[in-house]
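Quick note, the sequences are listed as chains L and U, same order.
Position 16 of the first sequence, counting from 1, maps to 16 under UniProt numbering, and the rest follow consecutively.
Position 262 of the second sequence, counting from 1, maps to 262 under UniProt numbering, and the rest follow consecutively.
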Amino acid sequence: MEDDAPVIYGLEFQARALTAQTAETDAIRFLVGTQSLKFDNQIHIIDFDDENNMINKSVLLHDAGEIWHISGSPAEKAVLTTCYSKTSESRVLTCAAVWRMPPEWESGSHESPDDSSNNPQTLELLCHLDNTTHGSVACVLWEPMGDGKRVISLAENHVLLWDLQESSTKATISSSATLEGKGQLKFTAGKWSPHHNSTQLATANDTAIRGWDLRSMSQIYCIESAHGQLVRDLDFNPNKQYYLASCGDDCKVKFWDVRHINEPVKCLEEHSHCLQCHMILQKSF
Amino acid sequence: SFPGITAIQRQRETHIYSGWSLMGRRLACLSATTPPDSDPTGRRRVHSMLQLYYGLNEEGKVVEQAESLDPCDINGPHFDPEVYLNKLRKECSLGELMDHESCTVKQIRSLDSDMQTLVYENYNKFISATDTIRKMKNDFKKMEDEMDCLSANMAAITEFSAHISGTLQDQHAQITKLSGVHTLLRKLQFLFELPARLNKCLELQAYAQAVSAHRRARCVLQQYSHMPSFRGIQDDCHVIMEQLAQQLRQKFRDGGSSAKDLSECVELLLQLDEPAEELCDKFLSHAQSRLAADLQGLEAELKDSPVTDTGGLFVSNLCLVIASYQELFINRPQEGELASKKIPEMANGKLHVFVDTLAARYFSLVERRIQEEKGVGDNSLLVRALDRFHRRLQAISKLLPGSAVPSQGTEIVVRAARERIKQYLSALQTFYHDSLTDVRQALAAPRGATSKDATPSLPELLTSLSNFILNQLKSVLASVHLFTAKDITFSNKPYFKGEFCSQGVREGLVVSFIKFICQSSRQYCESAGDRGGSTPPALLLLLSRLCLDYETSTISYILTLTDEQFLVQHHTPVTPVTALCAEAREAAQKLLNHYVKVQGLIISQMLRKSVETRDWVNTIEPRNVRAVMKRVVEDTTSIDVQVGLLYEEGVRKAHSSDSSKRTFSVYSSSRPQIRYAPSYTPSAPMDTSLLSNINKLFSERIDIFSPVEFNKVSVLTGIIKISLKTFLECVRLRTFGRYGLQQIQVDCHYLQMYLWRFVSDENLVHFLLDEIVGSAAHRCLDPSPMEQSVIEVICERG
């Protein structure tokens with residue numbers, strides 16, 4: 001892999017949302033959601049063939065709006081959630097929904113990329129994560145290694161835990177928590193911890209990182225001023241249950257032990273540009 | 001020709017040159033050939049003659065022998081006048097013969113006169129020698145007569161003397177006998193009187209007399225103890241002396257008497273064959289009880305007594321004890337059977353043990369007392385105390401040369417000095433923190449108040465802080481310097497000459513303190529920064545400048561000062577100035593970077609809030625520059641002023657000579673195609689990204705959080721970069737309506753008008769603002785930008 005030339009894939013629109021197809025265990029497959037205000041947005045399914053160092057792509061139409069966040073179901077390859085902004089009556093609201101890919105993409109066996117660009121197929125809407133009462137959704141998180149029945153959405157300052165029923169066509173809020181404080185608090189990112197039987201959640205708002213216990217829906221820790229500027233994203237170490245990484249607009253990557261939140265375990269300052277987004281592929285720590 | 005003559009002549013020449021023989025044969029040889037005689041054989045002959053003359057003939061032996069056989073050689077041993085004459089006659093013309101003859105005659109004449117002179121001189125000497133011998137003969141005769149007379153006299157004297165001694169012989173023997181009897185009688189009388197005398201002495205407590213009397217008699221009594229009369233005396237004496245010894249022991253045990261009495265007592269007991277070891281023990285235990293009382297007194301008033309007086313009494317008493325003990329047991333000239341008992345060795349061992357145990361207790365007390373001395377105010381007191389302590393121990397070392405006590409004492413002094421340095425370091429650190437707190441308060445106080453000139457400005461604070469620290473450091477150095485003052489006894493110990501100066505003062509105090517400053521400065525960056533930023537930015541700036549000043553001058557000044565004051569000789573490797581400077585510079589850099597981050601964060605937060613909290617889709621048509629932008633410009637200006645107080649201006653890239661107007665026109669008109677122009681044409685989305693991407697390719701990459709340089713422009717550039725970048729990122733996350741975009745346009749134009757002057761490269765501001773407006777246009781639902789002229793009017797008005 002190191003010897004091969006880097007593989008570059010260009011999108012015609014700007015994009016901010018990227019995720020791995022979580023339920024797919026054989027192929028290396030990513031989903032990318034585009035952002036365009038004027039054109040129909042797309043979801044690109046990118047297959048990376050690491051033997052030939054090649055990329056295969058397929059495009060699905062996502063005409064609901066520009067995609068701010070995307071996340072794949074851990075149980076079903078074809079099911080995914082997006083957070084998309086919808087402009088209606090000169091109001092911009094970010095909504096979340098659960099979608100299913102047309103059956104032929106599910107397996108990634110679709111063989112005619114030329115056709116797809118000409119006549120892209122549309123995603124099938126399974127259900128909305130109705131948020132009219134809670135405001136814009138920042139991101140939707142699937143239960144890690146779950147059965148694809150539970151998702152969490154972060155809407156403004158609310159944490160909402162949804163149960164998906166009837167093959168994900170119906171979503172009901174099973175519990176929720178609200179972040180109270182002065183000023184307009186708003187979640188910017190979050191991650192569902194794969195440890196502790198998936199009972200913990202970490203969220204970021206402004207410069208703080210908070211941990212939540214999903215059983216009691218209460219805050220369990222809070223790293224105030226984790227970064228000098230906005231926390232962009234965070235992730236858990238898949239191998240070590242207490243370790244957490246975060247990145248922020250202060251160009252730093254910090255690693256935390258949530259048991260000792262006073263100081264980061266490690267702090268990287270090598271970047272001199274804002275970190276836009278991060279996908280942590282931690283193998284070991 | 002006449003080779004003989006030339007030979008003679010040459011011989012003469014060699015005579016002349018013989019005076020130069022010191023110069024060596026070769027020179028003489030060369031000189032001898034000075035007449036331009038080109039004949040090589042002639043030259044060789046001269047050479048051989050010279051060798052002959054100087055008695056050297058190894059080299060030219062063959063030649064010489066051949067030469068000397070020549071009968072024509074007038075100087076040779078085989079000279080044959082006949083042959084020579086014949087040869088001359090045969091070979092020379094008449095004239096030459098004549099010349100030769102006159103020459104020969106002349107030579108003969110001069111030889112004759114030489115001979116005459118010699119003969120005359122010899123004759124004269126012979127005459128005077130004859131005279132002398134004659135005179136001596138007369139003198140000897142006279143002397144012989146006198147000697148004869150002397151020997152006759154001596155014989156007479158010897159005879160008389162023998163006669164006299166013969167006469168006196170008998171009487172002398174009688175006198176000797178009589179005097180012997182007299183002595184014996186006196187001794188006997190002494191013996192018979194002894195018991196009475198001893199009793200009397202006992203009554204009068206004149207122990208010394210009694211002992212000495214008894215000692216004199218003891219041997220005799222011992223010897224004649226088989227005679228009943230002597231035996232009686234001996235028994236009497238024994239009883240009396242027993243009694244006396246008892247009394248003495250009692251006196252010794254009571255110990256109430258003075259040291260002098262005591263020592264007398266001991267001396268007497270020793271003479272009475274009392275075992276020395278027991279006496280030593282008793283003496284020492286007695287002394288110990290007294291000294292222990294001293295020590296207890298010392299311990300009791302340990303805290304109250306001034307440190308300088310600690311243990312003076314004890315040490316002097318100890319010295320007294322040692323002195324008297326040595327006087328008694330060690331230095332006493334030993335006679336008779338006492339010498340064989342090796343008392344000094346035994347006594348010395350006991351003394352050492354005794355002194356060591358007492359000294360250990362004393363030292364522990366002294367150390368406790370020194371540890372009490374925590375205040376760093378007046379070091380001279382402690383130094384004086386240590387000096388006295390050391391001096392007292394010197395006395396012990398003089399008394400007791402092999403003792404480990406003085407070196408232990410020196411160790412205590414060294415430990416105290418080390419401890420002192422640590423205390424000073426921590427005092428300096430506390431002082432530094434306190435000064436920083438003061439500065440912090442001074443910085444915090446005026447913020448609420450309106451009058452700026454009432455409080456000290458940043459440069460004043462900086463100089464006062466710097467001076468405070470430097471003065472404090474100097475005074476500490478002066479205090480510590482007392483340890484090495486010339487009149488202090490321990491200052492010439494190797495520790496105080498070497499390690500104390502280099503490792504202690506230079507490394508342990510000065511270098512540690514400088515490192516501490518850097519360290520604590522760095523801590524301001526690390527802890528306070530991300531956690532709420534409790535450090536006021538002005539303090540960061542001030543500290544940064546302080547560290548930079550340290551790097552440029554203060555560190556080397558302080559270290560030079562230290563080295564000069566303490567004459568530091570670096571036996572061990574010490575921290576070089578450059579390393580410290582590098583550390584200070586690093587700290588300064590970190591602080592300044594942090595300052596930029598903090599200030600950038602403050603402005604960023606304003607911008608972020610202003611973008612995030614607004615509904616950009618449903619906003620009204622812009623009429624004004626938003627207040628937050630004015631606030632940003634105001635804050636930037638005040639930061640500019642603040643930084644300008646401490647840092648130099650710095651270098652800008654040459655910018656257009658005109659005011660903001662001109663740069664603005666560049667911004668607005670000369671590059672419209674690379675800004676949001678593509679967004680006018682929604683039919684060509686590919687072109688938009690293509691053009692903007694190409695634009696990005698050709699513009700320089702901007703490192704937002706890159707390190708700044710130590711000047712105002714660089715600092716301001718850093719802050720503005722961070723602020724505008726945040727602005728850009730926030731804009732990218734929003735969706736804009738038509739008027740939202742126009743408001744951003746107005747805001748950016750306003751920023752453009754004011755911010756360019758602060759940065760090193762105005763293109764940077766242009767670029768970032770272009771990006772912001774471009775991104776806003778991209779995120780705009782209805783991208784119809786505002787007329788440039790309208791924007792300008794609004795900005796001028798605002």
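Ideal Cβ placement from N, Cα and C applies to all residues, glycine included.
Checklist entry - Using a Cβ-Cβ cut-off of 7 Å (strictly less than) and excluding sequence neighbours within five positions of PRO264/L, which residues of its own chain qualify? => result Residue mapping note: residue 264/L aligns to position 264 of the first sequence, counting from 1. LYS254, PHE255, TRP256, listed in sequence order.
Checklist entry - When the cut-off is 7 Å and only beta carbons count, does SER246/L lie next to chain U? => result For the purposes of this step, residue 246/L is taken as the residue at position 246 of the first sequence. No, SER246/L does not count as interfacial toward chain U.
Checklist entry - According to the Cβ coordinates, are HIS390/U and THR535/U closer than 7 Å? => result Counting from one through the second sequence, the residue named residue 390/U turns up at place 390. Counting from one through the second sequence, the residue named residue 535/U turns up at place 535. Taking 7 Å as the Cβ cut-off, HIS390/U and THR535/U do not qualify as a contacting pair.
Next on the checklist: I'd like to know whether the C-beta atoms of TYR207/U and LEU268/U end up nearer to each other than 7 Å.
Outcome noted: In the second sequence, residue 207/U corresponds to position 207, counting from 1. In the second sequence, residue 268/U corresponds to position 268, counting from 1. Yes; because the gap between Cβ atoms is below 7 Å, this pair is in contact.
Checklist entry - Of the choices LEU546/U, ASP281/U, THR484/U, whose alpha-carbon is the least far from that of ALA567/U? => result The residue you call residue 567/U lines up with position 567 of the second sequence. According to the sequence displayed, residue 567/U carries Leu and not Ala. Per the Cα distances, THR484/U.
Checklist entry - Can you name the start and end residues of the alpha helix (DSSP H) that HIS78/U belongs to? => result As a position in the second sequence, residue 78/U is number 78, starting the count at 1. It is not in any alpha helix (DSSP H) - HIS78/U carries neither H nor E in the DSSP assignment.
Checklist entry - What does a CB cutoff of less than 7 Å around VAL383/U pick up in its chain, not counting 5 residues either side in sequence? => result As a position in the second sequence, residue 383/U is number 383, starting the count at 1. Residues of the same chain with a CB within less than 7 Å of the CB of VAL383/U, apart from the 5 flanking positions on each side, are LEU482, PHE483, ILE488 in chain order.
Item to check | Integer Cβ distance of LEU291/U from LEU318/U, believed to fall under 8 Å | outcome: Taking the first residue of the second sequence as position 1, residue 291/U is located at position 291. Taking the first residue of the second sequence as position 1, residue 318/U is located at position 318. Indeed, because the Cβ distance is near 6 Å, the residues count as touching under 8 Å.
Checklist entry - Within the 7 Å Cβ cut-off, does ASP114/L reach chain U? => result The count along the first sequence starts at 1 and reaches residue 114/L at position 114. With a pLDDT of 47 at ASP114/L, under the threshold of 50, the modelled position of this residue cannot be trusted; read the value that follows with caution. Interface annotation, ASP114/L: not in contact with chain U, CB-CB separation never under 7 Å.
Next on the checklist: Is LEU61/L close to chain U? Criterion is C-beta to C-beta, closer than 7 Å.
Outcome noted: Walking along the first sequence from the start, residue 61/L turns up at place 61. Closer than 7 Å: no.
Checklist entry - Under 7 Å, do THR22/L and GLY65/L count as touching if we go by C-beta distance? => result As a position in the first sequence, residue 22/L is number 22, starting the count at 1. As a position in the first sequence, residue 65/L is number 65, starting the count at 1. Not a contact, by the Cβ cut-off of 7 Å.
Item to check | Helix, strand or coil at PRO672/U [DSSP, three-state] | outcome: Here residue 672/U corresponds to residue number 672 of the second sequence, with the count starting at 1. A caution first: PRO672/U carries a pLDDT of 36, below 50, which makes its placement in the model unreliable, though a value can still be read off. PRO672/U: helix per DSSP, three-state reduction.
Item to check | Cβ neighbours of SER479/U in the same chain (closer than 6 Å, five flanking residues each side left out) | outcome: In the second sequence, residue 479/U corresponds to position 479, counting from 1. The answer, listed in chain order, is ASN379.
Checklist entry - In three-state DSSP terms, what is residue 801/U? => result As shown, chain U starts at 1 and ends at 798. That puts residue 801/U outside it, with no answer to give.
Checklist entry - Where GLN743/U and THR726/U are concerned, what is the direct C-alpha to C-alpha distance, given to the nearest angstrom? => result Residue numbering aside, residue 743/U sits at position 743 when the second sequence is read from its first letter. Residue numbering aside, residue 726/U sits at position 726 when the second sequence is read from its first letter. Cα to Cα, the separation comes out at about 17 Å.
Checklist entry - What is the C-beta distance between ILE720/U and VAL759/U, in whole angstroms, given that I count them as a contact (C-beta under 8 Å)? => result The residue labelled residue 720/U in the question sits at position 720 within the second sequence. The residue labelled residue 759/U in the question sits at position 759 within the second sequence. ILE720/U to VAL759/U, Cβ: 6 Å. Contact.
Checklist entry - Can you tell which of VAL83/U, PRO622/U, GLY718/U, ARG757/U has the C-alpha that lies nearest to the C-alpha of VAL746/U? => result Here residue 746/U refers to the residue found at position 746 of the second sequence. Answer by Cα proximity: PRO622/U.
Item to check | Length of the line joining the Cα atoms of PRO113/L and HIS44/L | outcome: Reading the first sequence from its first residue, position 113 is the one you call residue 113/L. Reading the first sequence from its first residue, position 44 is the one you call residue 44/L. Its pLDDT being 47, under 50, PRO113/L is placed unreliably by the model, and the measurement read from it follows with that caveat. Going by the C-alpha atoms only, they are around 11 Å apart.
Checklist entry - Across which residues does DSSP place ALA97/L in a beta bridge pair? => result Here residue 97/L corresponds to residue number 97 of the first sequence, with the count starting at 1. According to DSSP, ALA97/L shares a beta bridge with THR82/L, HIS128/L.
Checklist entry - If ARG522/U sits next to ALA587/U, beta carbons under 8 Å apart, how far is it from one beta carbon to the other, in whole angstroms? => result For this step, residue 522/U is matched to residue 522 along the second sequence. For this step, residue 587/U is matched to residue 587 along the second sequence. So it is a contact: roughly 5 Å between Cβ atoms.
Item to check | Cβ neighbours of ALA15/L in the same chain (closer than 7 Å, five flanking residues each side left out) | outcome: Translated into positions along the first sequence, residue 15/L becomes position 15. Counting only Cβ-Cβ distances below 7 Å, and skipping sequence neighbours, we find VAL32, GLY33, THR34, GLN35.
Item to check | Own chain, CB closer than 6 Å to VAL793/U, minus 5 neighbours either side, in chain order | outcome: Locating residue 793/U in the second sequence gives position 793, counting from the first residue. Counting only Cβ-Cβ distances below 6 Å, and skipping sequence neighbours, we find nothing.
Item to check | Coil, strand or helix - ASP487/U by DSSP | outcome: Against the second sequence, residue 487/U aligns to sequence position 487. ASP487/U falls in the coil class under three-state DSSP.
Item to check | Per DSSP, cross-strand counterpart(s) of SER246/L | outcome: Residue 246/L sits at position 246 when you count from the first residue of the first sequence. Paired residue(s): LEU234/L, LYS254/L.
Next on the checklist: Between which residues of its own chain and LYS493/U is the CB-CB distance below 7 Å, once the five residues before and five after are set aside?
Outcome noted: As a first step, residue 493/U is located in the second sequence; it is residue number 493 there, counting from the start. Around LYS493/U: THR410.
Next on the checklist: Could you give the first and the last residue of the continuous alpha helix (DSSP H) run that contains ASP213/L?
Outcome noted: Here residue 213/L is taken as the residue at index 213 of the first sequence, counted from 1. Run containing ASP213/L: none in the alpha helix (DSSP H); it sits in the beta strand (DSSP E), 208-213.
Checklist entry - With a cut-off of 7 Å, does the C-beta of THR735/U fall near any C-beta of chain L? => result Start at 1 with the first residue of the second sequence, and residue 735/U comes out as number 735. It does; some Cβ of chain L falls within 7 Å.
Checklist entry - Should SER502/U be labelled buried (16 or more other beta-carbon atoms within 10 Å of its own) or exposed? => result Position 502 of the second sequence, counting from 1, holds the residue named residue 502/U. With 16 or more Cβ atoms within 10 Å of its Cβ, SER502/U is classed as buried.
Item to check | Complete runs of the beta strand (DSSP E) confined to the stretch 159-220 of chain L [at least 3 residues] | outcome: 170-178, 189-192, 200-205, 208-213
Checklist entry - For ILE28/L, does the count of other Cβ atoms within 10 angstroms reach 16, so buried, or fall short, so exposed? => result Walking along the first sequence from the start, residue 28/L turns up at place 28. Its Cβ having fewer than 16 others within 10 Å, ILE28/L is exposed.
Item to check | Backbone secondary structure at GLU101/U - three-state DSSP | outcome: Start at 1 with the first residue of the second sequence, and residue 101/U comes out as number 101. Looking at GLU101/U - three-state DSSP - the assignment turns out to be helix.
Checklist entry - Is any beta-carbon of chain L found at less than 7 Å from that of ASN593/U? => result Locating residue 593/U in the second sequence gives position 593, counting from the first residue. Chain L, which has no Cβ nearer than 7 Å to the Cβ of ASN593/U, makes this no.
Item to check | Proximity below 7 Å, CB of VAL510/U to CB of ILE469/U | outcome: As a first step, residue 510/U must be located in the second sequence, where it is residue number 510. As a first step, residue 469/U must be located in the second sequence, where it is residue number 469. For VAL510/U and ILE469/U, no; Cβs fall outside 7 Å.
Checklist entry - Using a Cβ-Cβ distance under 7 Å, would VAL765/U count as near chain L? => result The residue you call residue 765/U lines up with position 765 of the second sequence. So, not an interface residue.
Checklist entry - To the nearest whole angstrom, what separates the beta carbons of LEU123/L and ARG91/L, a pair I think is in contact under 8 Å? => result Here residue 123/L refers to the residue found at position 123 of the first sequence. Here residue 91/L refers to the residue found at position 91 of the first sequence. With 8 Å as the limit, LEU123/L and ARG91/L do not qualify as a contact, their Cβ atoms being about 24 Å apart.
Item to check | Contact set between LEU607/U and chain L, taken where Cβ atoms lie within less than 7 Å | outcome: Counting from one through the second sequence, the residue named residue 607/U turns up at place 607. None at all; the shortest Cβ gap to chain L is about 11 Å.
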